[in-house]
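Each remark here refers to the structure printed beneath this line.
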C-alpha cells in the first residue's frame with residue numbers, strides 16, 4: 537500500500553496507471569474509518585483493477601470552526617484498518633496541499649439541490665464539497681468513485697457535478713451500513729457518549745417506522761407522529777422531511793416517483809444525519 541501526500545505525486549501515479557489501461561476505483565473519505573467506509577473499499581476492490589483511498593478533512597465544507605477542529609482524526613488507526621485489504625494507494629494531503637491562499641470555491645449551478653435539507657442549515661457546505669471532490673477527481677481521474685447513501689443529498693449533488701465536469705467518472709452510491717441496533721455508521725459516532733449513542737437510536741427508529749407505515753398513513757400523519765416522539769427525547773430535531781428522491785423537494789402527497797425520508801438531529805453537541813428510501 538503506497539501512501540502519497542502531495543498532489544503532484546498522486547496525479548503522476550494515476551496518470552501512469554491510466555496509461556496501462558487499468559480501471560481506477562476511488563473512495564474519498566475524511567478518515568475516522570468505519571465499516572461503512574470499508575464496504576466502499578470492498579466494492580471498489582471487487583469492481584476495479586486499482587483502488588485508491590483518500591483521507592482529507594476538508595475545511596471548506598465545515599460551517600463551524602469548532603466542528604472542524606473536533607472532527608475525529610486517526611490516521612494511524614485508519615491505516616491499520618485497511619492494512620489487510622489490497623488498497624493500492626492512500627492519498628493523505630495537508631490543507632495547504634489542497635488549497636492555495638484565498639483560492640475561490642468552485643462555481644457550479646446545482647439547480648437548487650444545495651438549497652434544501654442540509655443546505656438550509658449549512659449554507660455554503662455543498663460548495664465546499666463539490667470544490668474538494670472536483671479537485672480530487674482532477675488529480676485521480678477515477679473510472680468509478682464510491683460514496684455512501686447516508687449522505688444522500690451529497691451523493692445527488694456530486695453525481696450532478698460529476699456528470700457535467702467529469703463525464704468519464706461513474707459516481708456510485710452504496711447502501712447505508714448500520715450498527716446492529718440500527719444506528720447509521722458515521723465517523724461522528726465516535727464523538728458520542730454511550731448515553732448519547734443510545735438516545736440517537738430514535739433517528740433510525742423514526743425512519744424505520746415511517747417506512748413500515750408508508751402504505752397506512754398520510755405523509756403529514758407520518759411526520760407528525762415522528763416529531764411527537766422527538767419531543768419526548770433528548771435530541772434536538774433540525775429537520776425531518778419526505779422528499780422527491782430526484783429533486784430533493786419536499787412532497788406532501790404520495791406519487792409514483794421515488795421518495796426518501798431525510799433527517800438531521802443533534803445528540804448532545806454531535807450532529808447526525810440519516811435517511812431511508814420509501815418507494
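In this note's numbering, the protein residues as written are 537 to 815.
In this text, a Cβ means the ideal position worked out from N, Cα and C, and glycines have one as well.
These figures come from a predicted structure and were not determined experimentally.
Bridge-paired residues (DSSP) for residue i
i	result
residue 816	The structure shown has nothing for residue 816, since the chain only spans 537 to 815.
residue 587	561
residue 540	627
residue 752	BP columns for residue 752 are empty, so no partner.
residue 772	802
residue 778	797
residue 813	796
residue 568	According to DSSP, which records beta bridges pairwise, residue 568 is partnered with nothing at all.
Test item: CB-CB of residue i and residue j under 8 Å
i	j	result
residue 786	residue 777	yes
residue 675	residue 577	no
residue 678	residue 560	yes
residue 808	residue 736	yes
residue 724	residue 806	yes
residue 525	residue 743	Lying before the first or after the last residue shown, residue 525 is absent from the chain, which here runs from 537 to 815.
residue 589	residue 556	no
residue 708	residue 671	no
residue 689	residue 784	yes
residue 634	residue 592	yes
residue 797	residue 814	yes
residue 586	residue 624	yes
residue 751	residue 762	no
residue 662	residue 642	no
residue 828	residue 795	No answer is possible for residue 828: the residues shown for the chain start at 537 and end at 815.
Rounded C-alpha distance that separates residue i from residue j
i	j	result
residue 529	residue 568	Since the first residue of the chain shown is 537 and the last is 815, residue 529 is not available in this structure.
residue 700	residue 541	28 Å
residue 802	residue 792	32 Å
residue 638	residue 630	16 Å
residue 627	residue 562	10 Å
residue 650	residue 667	13 Å
residue 595	residue 612	21 Å
residue 766	residue 759	11 Å
residue 696	residue 712	20 Å
residue 619	residue 570	14 Å
residue 687	residue 768	26 Å
residue 600	residue 706	31 Å
residue 487	residue 715	This structure cannot settle anything about residue 487, because the visible part of the chain is limited to 537 through 815.
residue 573	residue 755	32 Å
residue 621	residue 790	44 Å
residue 682	residue 710	7 Å
residue 537	residue 550	14 Å
residue 554	residue 698	19 Å
Residue i in three-state terms, based on DSSP
i	result
residue 736	coil
residue 610	coil
residue 618	coil
residue 795	strand
residue 594	coil
residue 784	coil
residue 766	helix
residue 656	helix
residue 506	Absent from the model: residue 506. The displayed extent of the chain is 537 to 815, so no value can be given.
residue 802	strand
residue 745	helix
residue 599	coil
residue 728	coil
residue 672	helix
residue 650	coil
residue 700	helix
residue 893	Nothing about residue 893 can be read from this structure; the chain reaches only from 537 to 815.
Interface flag, residue i vs chain C, CB-CB below 8 Å
i	result
residue 582	Reference to chain C is not applicable here, since this structure consists of a single protein chain.
Say whether the region 578-587 touches the region 652-660, bearing in mind that this needs 3 or more beta-carbon pairs closer than 8 Å, one atom from each stretch. no
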